[in-house]
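Undergrad: Pasting in a structure now, in structure tokens, and then I'll have a few things to ask.
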Amino acid sequence: MNWANESSTREFILLGFSDRPWLQMPLFVLLLISYTFTIFGNVSIMMVCILDPKLHTPMYFFLTNLSILDLCYTTSTVPHMLTNICRKKKTISYGGCVAQLIIFLALGATECLLLAVMSFDRYVAVCKPLHYVVIMNHWFCVRVVAFSWFTGFGNSVLQSSLTLNMPRCGRQEVDHFFCEVPALLKLSCADTKPIESELFFFSALFLLIPVTLILISYGFIAQAVLRIRSAEGRQKAFGTCGSHMVVVALFFGTAIYMYLQPPSSTSKDWGKMVSLFYGIITPMLNPLIYSLRNKDMKEAFKRVMPKIFFCKK
Numbered sequence: 000m001n002w003a004n005e006s007s008t009r010e011f012i013l014l015g016f017s018d019r020p021w022l023q024m025p026l027f028v029l030l031l032i033s034y035t036f037t038i039f040g041n042v043s044i045m046m047v048c049i050l051d052p053k054l055h056t057p058m059y060f061f062l063t064n065l066s067i068l069d070l071c072y073t074t075s076t077v078p079h080m081l082t083n084i085c086r087k088k089k090t091i092s093y094g095g096c097v098a099q100l101i102i103f104l105a106l107g108a109t110e111c112l113l114l115a116v117m118s119f120d121r122y123v124a125v126c127k128p129l130h131y132v133v134i135m136n137h138w139f140c141v142r143v144v145a146f147s148w149f150t151g152f153g154n155s156v157l158q159s160s161l162t163l164n165m166p167r168c169g170r171q172e173v174d175h176f177f178c179e180v181p182a183l184l185k186l187s188c189a190d191t192k193p194i195e196s197e198l199f200f201f202s203a204l205f206l207l208i209p210v211t212l213i214l215i216s217y218g219f220i221a222q223a224v225l226r227i228r229s230a231e232g233r234q235k236a237f238g239t240c241g242s243h244m245v246v247v248a249l250f251f252g253t254a255i256y257m258y259l260q261p262p263s264s265t266s267k268d269w270g271k272m273v274s275l276f277y278g279i280i281t282p283m284l285n286p287l288i289y290s291l292r293n294k295d296m297k298e299a300f301k302r303v304m305p306k307i308f309f310c311k312k
């Protein structure tokens, strides 16, 4: 019997840190502040990249998509988490859980691919500058972004189906803040090792392959930057690429820890904190990393923001 037949009319109980009531208020404040900054930061980047003609380049096209991803990524979980913290009965409907799982997995996989695409963009810009306009043309950029989105959602449907078809024998208590694969697998009353092996394979494809390509790209970039004679040129190249590497380290490091090990080997409290980090804190930090460490972005903010808030021409 699959989950859809067994539980379509029932609710799940999201335990979170309900066994530690004193953590509820600090967690609520942390989530509210993080979500507010995430919305403001990512919407600001999207508006600046769209409204400033000087940022109509492949790099900022990819950055706009990353901001859209991060905004949707957090919105799929945080509003419901904030609501549940304020309620005594911390539940989510079966349909809500399925939607949350599919969206969270899809956007996470899409971000893995998009970060790899952004590293390739930086590789071409630094290592093949004379061919940049030809290689990173408009239609190529649109196609690789579309491929990232469609592949991410395809992976999500597959992994969600495998997870949701595991029998749970009436178990309803999800020891997490939201519906995520490792937490849902722990509800199963059957042997999860075959499913874990399949999920591990797909997770490895979307985590290890992109991060390997990213590291290779930045290996070539480092060699090319070190050959630049101008100190200013080296600093600019390292500044732009350094922002991307910080984002990659934060996102992939925590996601690999969470998804490339058996659910049974993960400490439940530590797993929750790691999920909060890559699902909420990282999307909040991305706009700060890209705006504060990027000279072009800071100048664009100075040009565009007064026009938005003060209606200046």
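The sequence shown runs 0 to 312 under numbering that gives the first Met the number 0. Beta carbons are placed, not taken as given, at the ideal position from N, Cα and C, and that holds for glycine.
Exposed or buried, what is Pro57 when buried is set at 16 or more other beta-carbons lying within 10 Å of its beta-carbon?
TA: Residue numbering aside, residue 57 sits at position 58 when the sequence shown is read from its first letter. Classification for Pro57: buried.
Undergrad: Could you give the DSSP three-state label for Phe227: helix, strand or coil?
TA: As a working mapping, residue 227 is identified with position 228 in the sequence shown. As written in the sequence, residue 227 is Ile, which differs from the Phe given in the question. Coil.
Undergrad: Taking the beta carbon of Ser7 as the centre, do at least 16 other beta carbons fall within 10 Å, making it buried, or is it exposed?
TA: Sequence index remark: in the sequence shown, residue 7 carries index 8 (1-based). Confidence in Ser7 is poor, its pLDDT being 43 and thus under 50, which makes the residue's placement too unreliable to answer from.
Undergrad: How far does the beta strand (DSSP E) with Ser92 in it extend, from its first residue to its last?
TA: Reading the sequence shown from its first residue, position 93 is the one you call residue 92. 90-92 is the extent of the beta strand (DSSP E) around Ser92.
Undergrad: Could you say which of Gly15, Ser17, Thr73 lies nearest to Leu284 if we only look at CA atoms?
TA: Position 285 of the sequence shown, counted from the first residue, corresponds to residue 284. When each option's Cα is compared against that of Leu284, the closest is Thr73.
Undergrad: Looking at C-beta atoms only, is the number of pairs between the stretch 182-194 and the stretch 221-228 that lie closer than 8 Å three or more?
TA: Touching, no.
Undergrad: Evaluate Gly218 with the Cβ neighbour count: other Cβ atoms within 10 Å of its Cβ, from every protein chain shown; 16 or more gives buried, anything less gives exposed.
TA: Here residue 218 is taken as the residue at index 219 of the sequence shown, counted from 1. The residue is exposed, with fewer than 16 neighbouring Cβ atoms inside 10 Å.
Undergrad: What residue does the beta strand (DSSP E) around Phe61 start on, and which one ends it?
TA: For this step, residue 61 is matched to residue 62 along the sequence shown. Not the beta strand (DSSP E): Phe61 falls in the alpha helix (DSSP H), residues 57-74.
Undergrad: Got a sec, what are the start and stop residues for the alpha helix (DSSP H) Leu31 sits in?
TA: As a working note, residue 31 is residue 32 in the sequence shown. Where Leu31 is concerned, the enclosing alpha helix (DSSP H) stretches over 23-50.
Undergrad: Assign Cys178 to buried or exposed, taking buried as 16 or more other Cβ atoms, counted over all protein chains shown, within 10 Å of its Cβ.
TA: Looking up residue 178 in the sequence shown gives position 179. Buried.
Undergrad: For Phe11, report the span of its beta strand (DSSP E) as first-last.
TA: The count along the sequence shown starts at 1 and reaches residue 11 at position 12. Per DSSP, Phe11 belongs to the beta strand (DSSP E) from 10-13.
Undergrad: Sorry if obvious, but does the Cβ on Ser75 come closer than 7 Å to a heavy atom of the ligand FMN?
TA: Inclusion of the ligand FMN in the displayed structure is not the case, the ligand content being empty and no account of it being possible.
Undergrad: With H, G and I counted as helix, E and B as strand and the rest as coil, what does DSSP make of Glu298?
TA: Taking the sequence shown and counting its residues from 1, one reaches residue 298 at position 299. Looking at Glu298 - three-state DSSP - the assignment turns out to be helix.
Undergrad: With a threshold of 8 Å, are at least 3 pairs of Cβ atoms found where one atom belongs to the stretch 245-258 and the other to the stretch 272-288?
TA: Flag = yes, the stretch 245-258 and the stretch 272-288 touch.
Undergrad: Confirm, please, whether the CB-CB distance from Leu13 to Phe176 is below 8 Å.
TA: To locate residue 176, count along the sequence shown from 1; it is residue 177. To locate residue 13, count along the sequence shown from 1; it is residue 14. Their beta carbons are under 8 Å apart, which means Phe176 touches Leu13 by this criterion.
Undergrad: Once DSSP output is grouped into helix, strand and coil, what is the label at Glu313?
TA: Missing from the structure shown is residue 313; the chain here goes from 0 to 312 and no further.
Undergrad: Quick check on this structure: which residue in Glu298, Thr253, Lys87 has the alpha carbon closest to the alpha carbon of Asp317?
TA: Limits of the chain in this structure are 0 at one end and 312 at the other, which puts residue 317 out of reach.
Undergrad: Since Leu113 and Asn64 should fall inside the 8 Å C-beta cutoff, what is the C-beta to C-beta distance between them, to a whole number of angstroms?
TA: Taking the first residue of the sequence shown as position 1, residue 113 is located at position 114. Taking the first residue of the sequence shown as position 1, residue 64 is located at position 65. About 6 Å; that satisfies the 8 Å criterion.
Undergrad: Look at the Cβ atom of Gln171, then the Cβ atom of Arg302, and state whether they are nearer than 8 Å.
TA: Translated into positions along the sequence shown, residue 171 becomes position 172. Translated into positions along the sequence shown, residue 302 becomes position 303. No, the pair does not count as a contact, with Cβ atoms beyond the cut-off.
Undergrad: Ignore the nearest five residues each way along the sequence and tell me which others in Gly169's own chain have a CB closer than 7 Å to its CB.
TA: For this step, residue 169 is matched to residue 170 along the sequence shown. Nothing listed; no residue qualifies.
Undergrad: Out of curiosity, what's the CA-to-CA distance linking Ile101 and Leu30?
TA: Counted from its first residue, the sequence shown places residue 101 at position 102. Counted from its first residue, the sequence shown places residue 30 at position 31. Approximately 22 Å between the Cα atoms of the pair.
Undergrad: Is the CB-CB distance between Ser242 and Ile288 below 8 Å?
TA: Numbered from its first residue, the sequence shown carries residue 242 at position 243. Numbered from its first residue, the sequence shown carries residue 288 at position 289. Yes. Within cutoff.
Undergrad: What is the DSSP secondary structure of Cys85, reduced to helix, strand or coil?
TA: Start at 1 with the first residue of the sequence shown, and residue 85 comes out as number 86. Residue state, collapsed to three classes: coil.
Undergrad: Starting from the Cα of Ile227, find the closest Cα among Val141, Cys126, Tyr256, Ile134 and give me that residue.
TA: By one-based count along the sequence shown, residue 227 stands at place 228. Per the Cα distances, Cys126.
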